[in-house]
Every structure is written in structure tokens, then in C-alpha cells.
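Trainee:
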Amino acid sequence: MSNVKTITNQTSDDNKVTAAQYCYLLYFAVMFFAKAIGLYDGQLLYNISIVVGMALFGFKVLMSRHSIFELCWMAVLLICGFMVVLNTDQRGFLFYMTLVAGIKGVPEKKVFKTALLILGFAYPVMAFLTLSGIVSEYYRLHHKIGMYIICHGLGYPHPNVTHITYMILTMLILYFVRNKSAVQMLKISILLMIGNLIVFAYAFSFTGVIAVTVYLIINFCLTQIKSARKIWSILSQIVLPICLLFAMIGPLVIKGHLFDVINKALNTRFYLSKYFLTTQPATPFGMRFIPEELENYNYTMDCSYVYGLRQLGVIPFIILIPALFYTIYSLNKKGRDVELAIMLGICVAGVTEPFMFNPSYRNIGFILIGKCIFELSDNISKRLPDFMNKEIHVLKIGDKEVGGKALILERVSGFIEDVFSRISGNKKRYVSLFFAMFIVAFVSYYTVVAHPTTMYVNDDINEEHDWTGVMLTEEDVRSLEDSGEIILDYTGEGTPMYAYEGMTPVIEYNRRALAVGLYTGAFCVILVSLCAGFSIRKR
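Numbering of the sequence shown is given in this note's numbering, commencing with residue 140 and proceeding in unit increments.
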């Protein structure tokens, strides 16, 4: 039996879905897809997604059976979310509270499968569309490791977001790859690590590549080194406290040379945390930070924990941190090592990235938090008066089973699993095909496309403001591009362009060659697998 089929069998659940469950999955799909394709606040399509998503969440609650006790604490979470929005205009906390409040009765695996299908499709497609130039992307020119390097967003708002999104994709993959031998898991982890390095080659996010590496190590240790289960159990309970101490106490108590070393290693994040912790007041439900009123308008809170306390406020922070502690404790107690690794990986990454509580809607840990909170709520309700356990069910249609034709998730996942099962069943053939096409495409690019010596960028991303810009005509641009030079975001003859030589254009050229090789190899493998599937069906 192939690996993919084994995974499917191990993680399969009842294909029957009620209307209430389906409504929640649609809500989650809309919200998650909006962020998976790089939409952000202010865009019309994103605002439409929010309206549709919140409407679906409302219908899900009305379709589900809830006790008065459940409705009470759900209302508290949502009210807190609205208070944060009113005070800060930040909607991330509210979105995550809807994710938690609506998840009752929804199989956890179905939510994770929805996330994997969406992100597994969107991530490589967004990268392809941006690298091919079909869709414009966000990128910055930064001075790193002694040279200027373009840091690509690959369709996402920031290169760091790009890498954290890959970490989430890695977590979703490993959620469904379980009960493997140590050798098998090591091979899978190495493949994901190669992907980590490929993403790093474009995003050049050091914090991102470290976060993914740490998560892969945590996952392997928890799931494969069972002889040290007691040690992992103890260590897993101190990860979050260490993260909190380092992120929130460290900037206040660490001084001198050590502070400078840590701050440099974290690309000024340590100083930024100290700035917001010492200069901005603690408020119940957060506050708006106006860039012009800060010491520097470029200052941002990249630490999730500082963001949670200062941006969201003390009350949301008091809700979030105990929820994290309890979820980690519960997963550890039940021996759910795969899920525990996800939570710990998120906690570690949150030290340097703000995705845990901001509107990115990428923190899949809230799926686990929601399930654990409802389980805790059920245990508490048994000790409450009967009145608090009275059930309220507004829309009875929520209990009805959804017809098989409407289960798009299952149909799409079945098709994808079929494709990958053929690839998994003929590994040597498909691996050989991939590398053969990769080499052909890579070498062809090197042979056909001229090697650049200079890369020109406009004033928006230029980092050397003392340099004198060059005014290029459209004819100049065509001539330079014909000779192999790289021109980024040329907007017209009245815009100065700045020339960067040395390794900057060389690295960008190699990235393009790598992208051509990777996508050619992947496209050929998938195409051959699809053709093989159609051939089998005709028989």
C-alpha cells in the first residue's frame, strides 16, 4: 500500500456532514482562503470575504445546539473581540474568537483538511503567478550577509509572512502524516526542510527559516523519540513560559552588550518590544498606534506576545495566554504529540512574528484551542445548575445531513489523493522524471537567458539614498533587458532608477533559473500522473 493511501486511512473520518458543520467549514474556507491568496485589509475582495465569513459564522451558531452556559462564554469572547475592534480597528482577535466559538460539533480533521487543501493549492500557485510576472508582488531590497538582496513576498504582504505561511503549510502536512517509522518521518522532514530552504532562497527571512526548522525538530522529537516521552512532557510545559519570559521580560531586564547581540540577531525586534512595553500604556482593550506619534513611524510590533498585550489589551491577553497554557496541557496529557508539536511550534514562532493574534488568520492553533475549550466547557457544565445546561437550538436544519454532491471538500481531496497516490506508488519513476525535467529547464534557462551584471530598482525600494539615480528611457530599458540586465518596477522616464551590481543581480538570476526548473519538474510530474489516471479510467 502506498504512503498516501496509508495516510488517508489513518486520518479518515465519517464523510457525513451536517448542515451546521458544512456552514462552519464554508466560513473557515472563506476566511482562510482570503489570507491564503494574500488579500489584506482595505481591499474590496477581502472586505467581501469578511462579510460572507461572518454571516456564515452567525448561521453556524444558530444551526448548532448550545447550552446557556456555552452561549454565555461565547458571548463574552465575541464582545471582547468587538471591543478590541472599536478601540484599535484590529480585527484579528475577533476573527479568532469566531473560529473558537463556532467549532462545536465540527470534526477537527475536516477543518485541518480544508486548510491543507486551500493552502496546498494557493501557496505554490501564488509563488508561480508572482515569479512569472503574471501578478505583481511585494518585495523589498535589504542589506543582509554583506550584500543587498531582494526579499520576495511571493504574493503575500511581506517576506516574513511568506515564510510563516510555509510553516503553517508544513504543520498541516505533518498533521496528516502520522504513525510513521522514524526513518519515514526523517525522510518527510528532510523534504520539508528542503522546501524550507527553497522558500528562504526567495523570502530570505532568517526568523522564518529558523521557526520552521525548530518546528520540524520539535515534531520529530515528540512523535519519534518515544523513549524520552517523560522528558518531552516536561519540556513541552515550559516552552510557553520561556517564550513569554524572553519576549516580554527579556527586553526589560537584559542590558548592555548582551541586549545588543540579541537585538541584532533578531533584527531590532528586541528593541522594538522594549519600546512598546516601556512607552505605550496598558489598556483594557488595546489602543490605536498612530505611526506619526511613535519615535519612528516604521516601528512595528513583530512579537506576538507584545502585540497581544499592547495592541489588543490586557483583557484579551488574559484570555489568550491561559487558553494557550490549557491547550498545551490538555494535548500533552492526552499524548496528542502531533497536535502538541503544532502548538509549541506556533508559540516559538510567535516570539519574532505577530501572526499568533493579528488579522492574518493563519494561526491554526486556534482550531485546537477551540476544541479544548468546548471540552473543558462540557466538563464544567456538569457541575452547574440545570438551567445553565438548558439547550437552545434556533435553526433545526443544522442537524440535517448535507447531500454527497455538495461535499466539494471530499470530492476535491479525493481527486488530489488519487493523483498523489499514483506518484507515491511509483516514486522512482516520478522522482527521475522530476529531476530530469528540472535539469533540462534549469540548464536551458542558463543557456538561453543572458547573465546580468546590474539590477535597476526604483526609488520605492532603493536603500542607498545617497546614490545618484539614472534616468532611463523606454528604449534604454528595452536595450538593457535584451542584454540580460534586470529592471524592476520601471514606471516611466521621469522616475530615477538605481543600479546595483555584484551579487545582487546574480542571486536574482539564479532564483529565476531555480523557479523555472522547479515548476517545470512539478508540472511534468502532475501532468503525467493525471494522464495515467485518465488512462486507467478509460480501461
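Each residue gets a CB set at the ideal place from its N, CA and C atoms; glycine is no exception.
Within the segment 160-209, note down every full alpha helix (DSSP H) run reaching 4 residues or more, in order along the chain.
Mentor: Segments of the alpha helix (DSSP H) lying fully in the segment 160-209: 183-202.
Trainee: Taking the beta strand (DSSP E) that Y569 falls in, what are its first and last residues?
Mentor: From DSSP, Y569 is part of no beta strand (DSSP E) but of the alpha helix (DSSP H) over K566 to V587.
Trainee: Taking the alpha-carbon of L238 as reference, which of S275, A194 and L280 has the nearest alpha-carbon?
Mentor: Per the Cα distances, A194.
Trainee: Does T157 come out as helix, strand or coil in the three-state DSSP assignment?
Mentor: It is a strand residue.
Trainee: My output table needs one value for M310: the three-state DSSP class, helix, strand or coil.
Mentor: Helix, per DSSP.
Trainee: Could you tell me if N679 is buried or exposed, where buried requires 16 or more neighbouring beta carbons within 10 angstroms of its beta carbon?
Mentor: The chain is shown from 140 up to 678; residue 679 falls before or after that span and cannot be answered.
Trainee: By Cβ distance, which residues of its chain are closer than 7 Å to G244, with the 5 residues on each side in sequence left out?
Mentor: Only A159, Q160 and S203 meet the Cβ criterion.
Trainee: Determine whether the beta carbon atoms of Y166 and G192 lie at a separation below 8 Å.
Mentor: Against a cut-off of 8 Å, the Cβ pair of G192 and Y166 comes out as a contact.
Trainee: May I have the straight-line CA-CA distance separating Y551 from Y314, to the nearest angstrom?
Mentor: Looking at the sequence shown, residue 551 is not Tyr but Val. Straight-line Cα distance between these residues: approximately 19 Å.
Trainee: Between Y569, E549, G347 and L355, which has its C-alpha nearest V490's C-alpha?
Mentor: Minimum Cα distance to V490 is reached at G347.
Trainee: Take the Cβ of R449 as the centre, count every other Cβ of all protein chains shown within 10 Å, and call the residue buried at 16 or more, exposed below.
Mentor: So R449 ends up on the buried side.
Trainee: When you compare only the Cα positions, how much space is there between A496 and D441?
Mentor: Note on residue identity: the sequence assigns Phe, not Ala, to residue 496. Taking the straight line joining both Cα atoms gives about 11 Å.
Trainee: Enumerate in chain order the residues of its own chain whose CB-to-CB distance from G672 is below 8 Å, with the five nearest sequence positions on each side excluded.
Mentor: The answer, listed in chain order, is D557, V558 and R561.
Trainee: Is L280 helix, strand or coil when you go by DSSP?
Mentor: Here L280 sits in strand by DSSP.
Trainee: Can you tell me where the alpha helix (DSSP H) with Y262 in it begins and where it stops?
Mentor: E247 to L270 is the span of the alpha helix (DSSP H), which, as asked, contains Y262.
Trainee: Below 7 Å CB to CB, which residues in the same chain sit around K283 once its five sequence neighbours on both sides are set aside?
Mentor: Excluding positions up to five away in sequence, the list reads F343.
Trainee: Nearest to Y500 by alpha carbon, out of A254, E613 and D228?
Mentor: The shortest Cα separation from Y500 among A254, E613 and D228 belongs to A254.
Trainee: How would you label A214, buried or exposed, when you count the other beta carbons within 10 angstroms and need 16 or more for buried?
Mentor: Exposed: under 16 other Cβ atoms inside 10 Å.
Trainee: If you pair each beta-carbon of the segment 636-654 with each one of the segment 614-625, do three or more pairs fall below 8 Å?
Mentor: Judged by Cβ distances under 8 Å, the segment 636-654 makes contact with the segment 614-625, as three or more pairs qualify.
Trainee: Using the Cα positions of A168 and S520, report the straight-line distance between them to the nearest angstrom.
Mentor: Cα-Cα distance, rounded: 31 Å.
Trainee: Which word fits I373, buried or exposed, when buried means at least 16 other C-beta atoms lie within 10 angstroms of its C-beta?
Mentor: Counting Cβ neighbours within 10 Å, I373 comes out exposed, since fewer than 16 surround it.
Trainee: Hey, out of L619, E602 and M610, whose CA is closest to V588's CA?
Mentor: Among L619, E602 and M610, the Cα nearest to that of V588 is on L619.
Trainee: Run the CB neighbour count on W606, radius 10 Å, all protein chains shown included, and call it buried at 16 or more, exposed below.
Mentor: Label assigned to W606: exposed.
Trainee: Return the CA-CA distance between F359 and S328, expressed in angstroms with no decimal places.
Mentor: Spanning the two alpha carbons is a distance of roughly 8 Å.
Trainee: Going by C-alpha to C-alpha distance, which of I481, A480, P423 and L330 sits closest to I712?
Mentor: Missing from the structure shown is residue 712; the chain here goes from 140 to 678 and no further.
Trainee: Apart from the five residues just before and just after Q149, which ones in its own chain have a Cβ nearer than 6 Å to its Cβ?
Mentor: Only weak support is given to the placement of Q149: the predicted model assigns it a pLDDT of 36, under 50, and the value that follows is read from those uncertain coordinates. Counting only Cβ-Cβ distances below 6 Å, and skipping sequence neighbours, we find N318.
Trainee: According to DSSP, simplified to helix, strand and coil, what is H291?
Mentor: If DSSP states are grouped into helix, strand and coil, H291 belongs with the strands.
Trainee: Per DSSP, what kind of secondary structure is E603 in: helix, strand or coil?
Mentor: Note: E603 maps to coil in three-state DSSP.
Trainee: Could you have a look at R358 and say whether DSSP puts it in helix, strand or coil?
Mentor: Checking the sequence, you will find Asn at residue 358 rather than Arg. The answer is helix: DSSP assigns N358 an H, G or I state.
Trainee: What span of residues does the alpha helix (DSSP H) with V378 cover, start to end?
Mentor: R368 to L383 is the span of the alpha helix (DSSP H), which, as asked, contains V378.
Trainee: Can you give the Cα-Cα distance for P498 and A340, rounded to whole angstroms?
Mentor: In a straight line, the C-alpha of P498 is about 26 Å away from that of A340.
Trainee: On the three-state DSSP scale, how would you describe D524?
Mentor: The question names Asp, yet the displayed sequence has Pro at residue 524. Three-state DSSP puts P524 in coil, outside helix and strand.
Trainee: Output yes or no for whether 8 Å exceeds the beta carbon distance between L433 and Y465.
Mentor: No, they are not a contact pair.
Trainee: Taking L657 as the reference, which of I333, S563, V392 and G220 has the closest Cα?
Mentor: Checking every option, the nearest Cα to that of L657 belongs to I333.
Trainee: Could you give the distance in angstroms between the alpha-carbon of L256 and the alpha-carbon of S583?
Mentor: Spanning the two alpha carbons is a distance of roughly 33 Å.
Trainee: Considering only the beta carbon of each residue, do N601 and T634 sit closer than 8 Å?
Mentor: In this structure, T634 does not lie closer than 8 Å to N601 by Cβ.
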